[in-house]
Structures are given as structure tokens and as C-alpha cells.
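The block underneath contains the structure these notes are about, expressed in C-alpha cells.
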Amino acid sequence: MIDMIVEMMSYPFMVRAVVVGVLVSLCAALLGVSLVLKRYSMIGDGLSHVGFGAMAVATAFNFAPLAFSIPVVILAAFLLLRISESSKIKGDSAIAVISTGALALGVITVSLTTGMNTDVSSYMFGSILSMTDGDVVLSVVLCLCVLVLFIFFYTKIFAVTFDESFAKATGTKTGIYNSLIALLTAVTVVLGMRMMGALLISALIIFPALTSMSLCKTFKSVTICSVILSLVCFLIGVTASYGLNTPTGATVVAANIMALAVFKLVSLLKIRLFRNRI
Amino acid sequence: MSLISCENLCLAYDDKEVISNLSFQVNRGDMLCIVGENGSGKTTLIKGLLGLISPVRGSITMGDGLKQKEIGYMPQQTVAQKDFPASVFEIVISGCLASRGIKPFYGRKEKNLAIENIKKLGIEELKNRCYHELSGGQQQRVLLARALCATKTILLLDEPVAALDPVATDELYHVIEDLNKKENITVIMVSHDIKCSIGHSTHVLHLQEEGTFFGTVSEYKHSSQAKRFLGGCCNHD
Numbered sequence: 034m035i036d037m038i039v040e041m042m043s044y045p046f047m048v049r050a051v052v053v054g055v056l057v058s059l060c061a062a063l064l065g066v067s068l069v070l071k072r073y074s075m076i077g078d079g080l081s082h083v084g085f086g087a088m089a090v091a092t093a094f095n096f097a098p099l100a101f102s103i104p105v106v107i108l109a110a111f112l113l114l115r116i117s118e119s120s121k122i123k124g125d126s127a128i129a130v131i132s133t134g135a136l137a138l139g140v141i142t143v144s145l146t147t148g149m150n151t152d153v154s155s156y157m158f159g160s161i162l163s164m165t166d167g168d169v170v171l172s173v174v175l176c177l178c179v180l181v182l183f184i185f186f187y188t189k190i191f192a193v194t195f196d197e198s199f200a201k202a203t204g205t206k207t208g209i210y211n212s213l214i215a216l217l218t219a220v221t222v223v224l225g226m227r228m229m230g231a232l233l234i235s236a237l238i239i240f241p242a243l244t245s246m247s248l249c250k251t252f253k254s255v256t257i258c259s260v261i262l263s264l265v266c267f268l269i270g271v272t273a274s275y276g277l278n279t280p281t282g283a284t285v286v287a288a289n290i291m292a293l294a295v296f297k298l299v300s301l302l303k304i305r306l307f308r309n310r311i
Numbered sequence: 018m019s020l021i022s023c024e025n026l027c028l029a030y031d032d033k034e035v036i037s038n039l040s041f042q043v044n045r046g047d048m049l050c051i052v053g054e055n056g057s058g059k060t061t062l063i064k065g066l067l068g069l070i071s072p073v074r075g076s077i078t079m080g081d082g083l084k085q086k087e088i089g090y091m092p093q094q095t096v097a098q099k100d101f102p103a104s105v106f107e108i109v110i111s112g113c114l115a116s117r118g119i120k121p122f123y124g125r126k127e128k129n130l131a132i133e134n135i136k137k138l139g140i141e142e143l144k145n146r147c148y149h150e151l152s153g154g155q156q157q158r159v160l161l162a163r164a165l166c167a168t169k170t171i172l173l174l175d176e177p178v179a180a181l182d183p184v185a186t187d188e189l190y191h192v193i194e195d196l197n198k199k200e201n202i203t204v205i206m207v208s209h210d211i212k213c214s215i216g217h218s219t220h221v222l223h224l225q226e227e228g229t230f231f232g233t234v235s236e237y238k239h240s241s242q243a244k245r246f247l248g249g250c251c252n253h254d
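Structure (C-alpha cells):
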């Protein structure tokens, strides 16, 4: 086991993938707590589809993939936020419209230019080989931003997540925090999706928060537990995928599903035990 | 001087004017009940009082040293809050946010204030419990304690007893009345439960497209607006 991990870390591409993966999982878990509790879970899914569309267009026209897709996805994130705030179209339908629209555009672009090849498949389901040094630098910067936001503005994030109208009434600029979360989510999604896959990246945002909510009873413990879970599941997933020769993204999601199952089981047992005692 | 006085206030929602030429005052120690049918502009008026929307015409003036951010607001519960993992203490202390400014963490002062308000509402033993495990009445007390952390003078309650059973409703009204009488906290309350809520109030503001009423409770009971709304069954004592 240890030999395998040492061998795994002797490949530079694996080291890059693990570093980016750990940082992205951490960001996704923190942002996910707020998104899941605000019923914005699907925003990550929607944004990853937009990311896929943007990547496809960038490849077709030979743009730098990150430099092109990050602004596009950020734009989509703000758009989604605006739409769900104005509530003329419901948030979930807005996400569906934008994500399928972007996906369709991406698929058309791909079929008109390169055709369905391995590149496209690696955008959809992720590839461990795609991480560059640039990704490592970007994920460190992203991670620092997310940590600063969650440590120094923790009380504000709590207030905005729990009760936006109260936070607004007492003078918190809720718009700024919502935009910041949307912006950081967009960057997290684009960074993570090439490794995890456009179809799988939203799992990193949703699973840790959902899993910890089944056992933790305070906001602080949910936040901390999500981060730990997300890191553990990513590391287990990445090691397992190396050992079993399975796709990384899918294996990390499988690890997350198992964690969710274990937590649900424990919470059920807890309820049983509690009942028996009475 | 009045705490809040509105002069010829006009407020719009989605470019549609829902409140026009409304004038009323709230004085220290008052308990004002705002009633009206759905769509009569109650929610819009709340947003106006909180400064979340600006008046189209007319004015809202805060007097007696009251600042708009110091109104203790208790919004209606959202669906998302029903299963929110947060302890009672975490929620109550978040009411202190306004006075913190940009400082990132809560200090001793905020913690003491939160504890004090938790005690005031008799939910001390629930302090570390999870919000979504509480009953509807207990949850409303938690939100009331949070609102108290944001204010020393005035509470603005949006449908505080909606979705509560009769016993919990009665208890909550007593809590609110106690705060009003003993702590001298001014209360503005929006309510559908008109018969019961006017029993606890000093003033009534009845919003209506035609002929809005503002006055004391006894004046209200003899008004034409009340007759229609109370169905003629109100007791005139």
C-alpha cells in the first residue's frame, strides 16, 4: 500500500493532480456548504456544462482553454444568480436552460471541427493527465481566496446562508457575498472539471456538505466536517483509481458515495439507539 | 418625536405602485399591528421600512436616534431554514452582525448579548440544540432572540404566528407583549391573525387599495374597514 503511494507520487503528473485535486476539493467543500444549504446545489452542475461548452469552443478556435473558459463560466454564474434573484424564471429551470444550451453549443462546435475524440471524452469524464503547472498556481490562489473568505467572513457567510432577508435588513451587503461565492464556484468548477470531468465535478460541491449534514448539527461542525470528508474522499479516490486503473473522477465520486452511505447508516443507528434508550 | 413617521409614502413593487399616500407614525412603546389582504402591500411596506427599497414619493423618517439598521427584523421562515444545521446560539448571535461592522469575529460583548436575549425568551436549555429539531414555536423564539440582538428599541415582525398551533400562538403573543410592556420595546407586527393580534396591540394599520385605516385599536373596532375584515363578529369591549 505504502509502496504504491510512493510509486504514485514519483510521477510528476500525479503530484500535480493530487495537489490541484486536494485544493479544489477543499474549495468545493467550503463553497458547497453554502450552496447546498441555500438550495443552489445544481449551480455547480450547470456551471460545469457551461465549462464544457466553453472548453469545446476554446479547443476549436485554438484559444487558451483556461483563459477562455473561466471568464465565460463566471459570466454564466452571475447570470444564474441574477435570474434566480429576480425570480421571474425559477432557479432550477434557469440552470437547466443555461447548462443544456451551453452543452448543445459545445457538442455542435466539436462535431463541426475536431469530431468526437479522446479530448472530448476527457472533458466529459476527466483526465488525470491534464493538470499543468499553471493549474497548480491557479488552484493555490483560488484556495487562498476561499480560505480568506470563509475564515474572515465566516459570520457574514453564516448570516447570508441562513437568512438572507435578515442579513440584508441588518445592513450586510448580501449581494457582494453571493457574487463572491458565485465567482469562486465558477473558478473551482473550471479548475476541477478537467480532472474530475464536466459531468462529475458537481459531486465535489454537493456530496461533502450533504454527507456531513446527516450527522453534524451546527454550521461550524458541518463546515469543518465537509472539508475533512472532501479531502479524505479525494485522497482515497485518487489512490484507488491509481491502484485499480479506474478513471479518477468517477472513483472520487464513488468514494464520496460510500462516505454518504456510511454517514446515513450511522445517523440511522443513532436514532435507533436513542429510541431504545427511552 | 416619533420613532418612525411616514408621510405620503408611495412604494412600488415590480414597477407597480402598491402603496400610495400612506401616512402613519410609530411612537416609543407602541404596538402596531399591520393587517390587510394578500397583495395589499404589507411585504412591500416592510421592505420600505427596512430601507431595502426606496420610496417612489413621500418619506420615511426615523426619529429619536433610531437608525434603519437598528430595526430588529424577524422575517418569515423560509423552506430552506426548516432543515438548516445550526445551533440556537449560532443563530441568535448572528443578530449581532450589524453592530460588528467589518470585524470578522464575535467578541465577549456579542456573546453576552446573545446569552442575555436567549435567557429573556426562556430558551436557555435549547442553547446548544440544533435549530431544525425544535418545534415551530421554539424556532420563532430563536428568531425573536436574534432580532433582539440587532435592536434595543424596535422589533418588526413579519407574520410571527404563521404556521403555529393555537397554544404556541398564544405563548408567542405573550412573549411579544412582555417585551413590549416590560422591556419597553416598540413592536410593529404584520399579521393575518387579525382577531387575536389586535387584542394585543395599541394601534392598527389596515392596508387596503381604497381607504387605508390608521388609528388606535378602539377606533379601529368601530371603523368600516374592521367591519368587513372581522366579519362583524368583533367584540366591542
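Going line by line, the protein sequences match chains D and E. Using my numbering, the first residue of the first sequence is number 34, and each one after it goes up by one. Using my numbering, the first residue of the second sequence is number 18, and each one after it goes up by one. Ideal placement from N, C-alpha and C gives every residue a C-beta, glycine not left out.
Quick check on residue i - is its C-beta less than 8 Å from some C-beta in chain D?
i: residue 253 of chain E; result: Bear in mind that the predicted position of residue 253 of chain E carries a pLDDT of just 43, short of 50, making it too unreliable to give a figure here.
i: residue 107 of chain E; result: yes
i: residue 86 of chain E; result: yes
i: residue 167 of chain E; result: yes
i: residue 49 of chain E; result: no
i: residue 249 of chain E; result: In this prediction, residue 249 of chain E has a pLDDT of 49, which is less than 50 and means its spatial position is unreliable; what the coordinates show is noted afterwards. With 8 Å as the cut-off, residue 249 of chain E does not count as an interface residue toward chain D.
Strictly under 8 Å for the Cβ-Cβ distance: is residue i near chain E by that measure?
i: residue 52 of chain D; result: no
i: residue 303 of chain D; result: no
i: residue 178 of chain D; result: no
i: residue 97 of chain D; result: no
i: residue 185 of chain D; result: yes
i: residue 307 of chain D; result: no
i: residue 195 of chain D; result: yes
Can you find the residues in the same chain that come closer than 6 Å, C-beta to C-beta, to residue i, ignoring five residues on each side of it along the sequence?
i: residue 269 of chain D; result: 288
i: residue 179 of chain E; result: none
So which residues on chain D does residue i lean against when the C-beta distance must stay under 8 Å?
i: residue 90 of chain E; result: 198, 199, 202 and 203
i: residue 147 of chain E; result: 250 and 251
I want to verify the contact list: residues of chain E whose CB lies under 8 Å from the CB of residue i, in sequence order.
i: residue 255 of chain D; result: 102
Using the beta-carbon of each residue, which ones in chain E are nearer than 7 Å to residue i?
i: residue 70 of chain D; result: 97 and 101
i: residue 221 of chain D; result: Per Cβ cutoff of 7 Å: no residues; residue 221 of chain D is ~22 Å from chain E at best.
i: residue 192 of chain D; result: 111 and 114
i: residue 246 of chain D; result: 102
i: residue 158 of chain D; result: None at all; the shortest Cβ gap to chain E is about 32 Å.
How should residue i be labelled, buried or exposed, when 16 other C-beta atoms within 10 angstroms of its C-beta is the threshold for buried?
i: residue 163 of chain E; result: buried
i: residue 183 of chain D; result: buried
i: residue 211 of chain D; result: buried
i: residue 210 of chain E; result: buried
i: residue 249 of chain E; result: Here the model assigns residue 249 of chain E a pLDDT of 49, short of 50, so the residue's position is not dependable and the matter cannot be decided.
i: residue 43 of chain E; result: buried
i: residue 285 of chain D; result: buried
i: residue 140 of chain E; result: buried
i: residue 296 of chain D; result: buried
i: residue 47 of chain E; result: buried
i: residue 245 of chain E; result: exposed
i: residue 294 of chain D; result: exposed
i: residue 228 of chain D; result: buried
i: residue 32 of chain E; result: exposed
Please list, in chain order, all residues of the same chain as residue i whose beta carbon is under 8 Å from its beta carbon, the five residues on each side excluded.
i: residue 87 of chain E; result: 115, 167, 168, 169, 170 and 171
i: residue 181 of chain E; result: 153, 154, 157 and 189
i: residue 254 of chain E; result: A caution first: residue 254 of chain E carries a pLDDT of 42, below 50, which makes its placement in the model unreliable, though a value can still be read off. Excluding residues within five positions, none has a Cβ falling inside 8 Å.
Using a C-beta to C-beta distance shorter than 9 Å, which residues of chain D count as neighbours of residue i?
i: residue 15 of chain E; result: As displayed, chain E neither begins before 18 nor continues past 254, which places residue 15 of chain E out of reach and without an answer.
i: residue 69 of chain E; result: 198, 201 and 202
Is residue i near the ligand SAH, with its Cβ less than 7 Å from a heavy atom?
i: residue 110 of chain E; result: Among the ligands in the structure shown, none appear at all, so the ligand SAH cannot be discussed.
Take every Cβ of the stretch 44 to 60 of chain E, pair it with every Cβ of the stretch 218 to 233 of chain E, and state whether three or more of those distances are shorter than 8 Å. yes
Inter-stretch contact (C-beta, 8 Å, three-pair minimum) for the stretch 134 to 151 of chain E and the stretch 105 to 119 of chain E: yes
Mind the definition here: the stretch 155 to 172 of chain D touches the stretch 76 to 85 of chain E only if three or more C-beta pairs lie below 8 Å; say whether that holds. no
Using 8 Å as the cut-off, can you tell me whether the stretch 261 to 277 of chain D makes contact with the stretch 69 to 89 of chain D, which would need three or more C-beta pairs spanning the two stretches below that distance? no
Does the stretch 34 to 47 of chain D come close enough to the stretch 87 to 97 of chain D that 3 or more CB-CB pairs lie under 8 Å? no
Using 8 Å as the Cβ pair cut-off and three pairs as the minimum, do the stretch 251 to 263 of chain D and the stretch 302 to 310 of chain D touch? no
Quick one: any contact between the stretch 58 to 76 of chain D and the stretch 174 to 194 of chain D, if contact means 3 or more CB pairs under 8 Å? yes
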